[in-house]
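Note sheet for the following structure.
There are 2 protein chains.
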Amino acid sequence: MNKSTRTTRQRQVILDQLCALSTHPTADELYHLVRQELPHISLGTVYRNLELLSDQGLIQCLELSGHQRRYDGSTAPHSHIRCTVCDRVADLPIAPPQAPLAEAQRHTDFLVTGLKTEFVGLCPSCRCAKDK
Amino acid sequence: MNKSTRTTRQRQVILDQLCALSTHPTADELYHLVRQELPHISLGTVYRNLELLSDQGLIQCLELSGHQRRYDGSTAPHSHIRCTVCDRVADLPIAPPQAPLAEAQRHTDFLVTGLKTEFVGLCPSCRCAKDK
DNA sequence: GTGTCTGCAAACCATTTGCATCGGT
DNA sequence: ACCGATGCAAATGGTTTGCAGACAC
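Protein sequence lines, in the order shown, are assigned to chains Z and C.
Take 56 as the starting number for the first sequence in the numbering used here and just add one per residue.
Take 56 as the starting number for the second sequence in the numbering used here and just add one per residue.
Here's what the structure looks like:
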């Protein structure tokens, strides 16, 4: 049986704000946004709620190869692309590429359960900066 | 023109040890190994050399979704699988899965340059632990 | 001798945690 | 009233950096 959770104002605002965004913010970025509505919220609370919401499957936690964790309000399956220069992340509305898990399984003593993919590239502004 | 680099004993030992391993060690794991040969080496030196060697293309730096960076003495193209429980990483001697970069490009204003893939699963020992 | 590299220790930065208090139920 | 959640601040842990002395060339 699952632990019961309460609907606090903090949790609700965090979820609402995240779902209203398509920028895949870091915990800190979201913290600053939420603070405009709840000026006394603490960063620890943001972290705790993001973990809880993602455990409940209401949001998605993106552990891409960048330096900071990012969060996505959409839980529908889609891909992501990350800018190799500024680490910005965008959605890519195509299904995550499939891979031959069965073939992979033939080559390892690990139990193969999945594949994580991440497109990489240059975001519009880093792309322009580079052209100069 | 590239900055010149010197062949120090530290750099050589780090490279040799890493290439002799197939365990994809973290900087800290490698540090402890290297210390058996060079007891006074510092962790900072290990980090600096790993970065330098990977800039030179002599080793590969793995930024998988785990918590720590890992390093691979082999630069030949191959895949990796990561244990979701203990973060251990192993080689997978199959070519990295291809993806339709051109199709991805049609859906984003990023300049798509590549795809990073990472198999995930359970390593033999975490798999056994789970069976109990 | 020049300029890179090292060891050491302190700094950094994202994330986590302990604790007293608050507030949903 | 109970117990989960919060705010605060300190702790953690991986990685980076400043600096004075050491060493490769």
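Every residue gets a Cβ at the ideal spot worked out from N, C-alpha and C, and that includes glycine.
Note that this is a predicted model, so its numbers are computed, not measured.
Compare the C-beta of residue i with all C-beta atoms of chain C and state if any pair is closer than 7 Å.
i: Z:Gly169; result: yes
i: Z:His135; result: no
i: Z:Ser120; result: yes
i: Z:Glu173; result: yes
i: Z:Leu98; result: no
i: Z:Leu177; result: yes
Comparing the C-beta of residue i with each C-beta of chain Z, is any distance below 7 Å?
i: C:Asp142; result: no
i: C:Ile149; result: yes
i: C:Thr130; result: no
i: C:Ser180; result: no
Which of the three DSSP states is assigned to residue i in this structure?
i: Z:Leu88; result: helix
i: Z:Gly128; result: coil
i: Z:Ala150; result: coil
i: C:Glu173; result: strand
i: C:Arg93; result: The residue you asked about is not Arg; residue 93 of chain C is Leu in the sequence shown. C:Leu93: coil per DSSP, three-state reduction.
i: Z:Thr100; result: helix
i: C:Cys181; result: helix
i: Z:Gln67; result: helix
Excluding the five sequence neighbours on either side, which residues of its own chain have a C-beta within less than 8 Å of the C-beta of residue i, listed in chain order?
i: C:Phe174; result: Ser134, His135, Ile136, Arg137, Leu147
i: Z:Gln153; result: Leu170
i: Z:Cys178; result: Cys138, Val140, Cys141, Arg143, Ala145
Going along the chain, which residues of its own chain have a beta-carbon closer than 6 Å to the beta-carbon of residue i, five neighbours each way excluded?
i: Z:Gly176; result: Ile136
i: Z:Thr81; result: Gln123, Arg125
i: C:Ala157; result: none
i: Z:Leu98; result: Tyr86
According to DSSP, residue i sits in a beta bridge with which residue or residues?
i: C:Val144; result: C:Arg137
i: Z:Leu73; result: For Z:Leu73, which the question treats as bridged, DSSP gives no partner whatsoever.
Which of the residues in the region 80-93 of chain C, read from start to end, lie with their CB under 7 Å from any CB of chain Z? none
Between the region 149-165 of chain C and chain Z, which residues of the former have a C-beta closer than 7 Å to a C-beta of the latter? Ile149, Pro152, Ala154, Glu158, Ala159, His162, Thr163, Asp164, Phe165
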